[in-house]
C-alpha cells in the first residue's frame, strides 16, 4: 500500500469569495478524480484532494494553479484534518452542521473499497462524535442567522406574508425543515423543475409548501414577503430571470446564501439585498465564533485522542502491518 498525502486551500488562505469561485470551477472534475482513486472535496470554502501518492501526481498543479496549497502527509494526519473539518472546526461558521454531510457527498463518489474512502469515513465519524462530546455546536447557524434577520424586518407585531425559498438543495431543504416558514402565511419553493422536486418532497408529509417556477413569482407586489436564495446553480440566464422576478415582487428583504452571490446590489436597485459577505451577516458569524473559539483546543484534543485510540485498536486487530 502506497503512502497517503493530500493538498488543500481554504478560506483562511485567501478570501471566501475567491475560494468559492475556485471551488465552483474545480467541482466538475470530482467524478474523474474519483475514478483515479482521488478524493476531491469542494465546498464553498475549500478545495482539497487526498489519496495515495501515485494517484496525486500532477493533481497539485492541475487543481491549485495560482494558489499556494498546503500539504498533508500520512493517513493519520489526513484523518485528523478531515475529522476537524467534519466537526466544523475549520468552517467559517464554527460548529456548523452541514459540512459533515458535504464530506459524505464527496466520498460517495469513491469506491468504498478504496483505503482513502475508509480513511475519510472514519474521519467523518470521529469528527461528528467529537463535535457532540465537546458541544461544538454553532449558536448562530445558517437557519438561526436567517431567522434573526427576518425577525429584525418584522418588529412590533407586524405579520409577514410569504417566504420564498429559491433552491431546494440541502441548505434550502434544511432551512425549511428548521421551521422558519411557520411565522409566514405560506412557504413557496421556487424551482425550475417543480415536477422533479415534488417527487423528492413526497416524504414531507408534515410540512406544507407550494412549488412554483421563478418566472411565475412577482405577479403582484409583496412588500411583506421575504426571498431566501439557497442555490449555487445560477447561470446568466437564470440570474436574469430571478432578477426580473424579485424586481416585480419587491419583497421586504432578499437574503442570498449563495457562496457566489446570485444577484448584485446594482441589479436589484433599491431592494434590501443581504449576502453572506455583508456586515449584517458577518456580525452573526463573529458572535458565533467568539463563543466557540475557546472550545477549539478541547475539540481538536478529543479528535486526536479518539484517532490514537482507533489506531491502537486497528493495529491490534488488523492482520496487515500499519502504514
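Residue numbers (my numbering): 37 to 359. We put the CB at the ideal spot given by N, CA and C, even for glycine. Remember, predicted model here, so these are calculated numbers, not experimental data.
For residue i, I'd like the list of residues in its chain whose CB is within less than 6 Å of its CB, leaving aside the five on either flank, ordered along the chain.
| i | result |
| --- | --- |
| residue 95 | 85 |
| residue 331 | 170, 172 |
| residue 37 | For residue 37, the predicted structure reports a pLDDT of 44, less than 50, and the residue's modelled location is therefore unreliable. A value from the coordinates is still provided. So the list is empty, once near-sequence residues are dropped. |
| residue 168 | none |
| residue 186 | 262 |
| residue 204 | 225, 227, 233 |
| residue 127 | 135 |
| residue 197 | 221, 258, 260, 261 |
Which whole-angstrom value describes the C-beta separation of residue i and residue j, a residue pair presumed to lie in contact below a C-beta threshold of 8 Å?
| i | j | result |
| --- | --- | --- |
| residue 72 | residue 91 | 5 Å |
| residue 279 | residue 304 | 7 Å |
| residue 233 | residue 262 | Actually they are not in contact, since the Cβ atoms of residue 233 and residue 262 sit about 20 Å apart, beyond 8 Å. |
| residue 12 | residue 125 | For the chain, the structure presents residues 37 to 359; residue 12 sits outside this window and is missing. |
| residue 174 | residue 133 | 7 Å |
| residue 254 | residue 285 | 4 Å |
Assuming residue i is part of the alpha helix (DSSP H), what are its boundary residues?
| i | result |
| --- | --- |
| residue 182 | 178-189 |
| residue 201 | Looking at the DSSP string, residue 201 is not in any alpha helix (DSSP H); the run it does join, the beta strand (DSSP E), is 198-202. |
| residue 328 | 315-328 |
| residue 160 | 151-169 |
| residue 255 | That residue, residue 255, is in no alpha helix (DSSP H); it is neither H nor E in DSSP. |
Please confirm whether residue i and residue j have their CB atoms less than 8 Å apart.
| i | j | result |
| --- | --- | --- |
| residue 251 | residue 277 | yes |
| residue 158 | residue 41 | no |
| residue 130 | residue 325 | yes |
| residue 296 | residue 56 | yes |
| residue 266 | residue 283 | no |
| residue 107 | residue 153 | no |
| residue 264 | residue 202 | yes |
| residue 213 | residue 243 | yes |
| residue 308 | residue 329 | no |
| residue 52 | residue 75 | no |
| residue 119 | residue 343 | yes |
| residue 88 | residue 39 | yes |
Enumerate in chain order the residues of its own chain whose CB-to-CB distance from residue i is below 8 Å, with the five nearest sequence positions on each side excluded.
| i | result |
| --- | --- |
| residue 54 | none |
| residue 184 | 176, 320 |
| residue 179 | 210, 211, 214, 216 |
Have a look at residue i and residue j and give me their C-alpha separation to the nearest angstrom.
| i | j | result |
| --- | --- | --- |
| residue 50 | residue 68 | 26 Å |
| residue 312 | residue 348 | 43 Å |
| residue 223 | residue 260 | 13 Å |
| residue 338 | residue 165 | 9 Å |
| residue 336 | residue 191 | 41 Å |
| residue 227 | residue 269 | 11 Å |
| residue 47 | residue 77 | 13 Å |
| residue 145 | residue 275 | 29 Å |
| residue 315 | residue 188 | 15 Å |
| residue 236 | residue 207 | 15 Å |
| residue 114 | residue 194 | 51 Å |
| residue 310 | residue 239 | 32 Å |
Which same chain residues, not among the five before or five after residue i, have their C-beta less than 7 Å away from its C-beta?
| i | result |
| --- | --- |
| residue 181 | 317, 320 |
| residue 99 | 62, 83, 85 |
| residue 122 | 135, 136, 139, 159, 160, 163, 164 |
Considering just the uninterrupted stretch of the beta strand (DSSP E) at residue i, what are its terminal residues?
| i | result |
| --- | --- |
| residue 224 | 222-226 |
| residue 50 | Where residue 50 is concerned, there is no enclosing beta strand (DSSP E), given that its DSSP letter is neither H nor E. |
| residue 282 | No beta strand (DSSP E) contains residue 282, which is instead part of the alpha helix (DSSP H) from 272-285. |
| residue 247 | 246-248 |
| residue 292 | 289-292 |
Would you say the beta carbon of residue i is closer than 7 Å to some non-hydrogen atom of the ligand NAD?
| i | result |
| --- | --- |
| residue 192 | Ligands displayed in this structure: none; no statement on the ligand NAD is therefore possible. |
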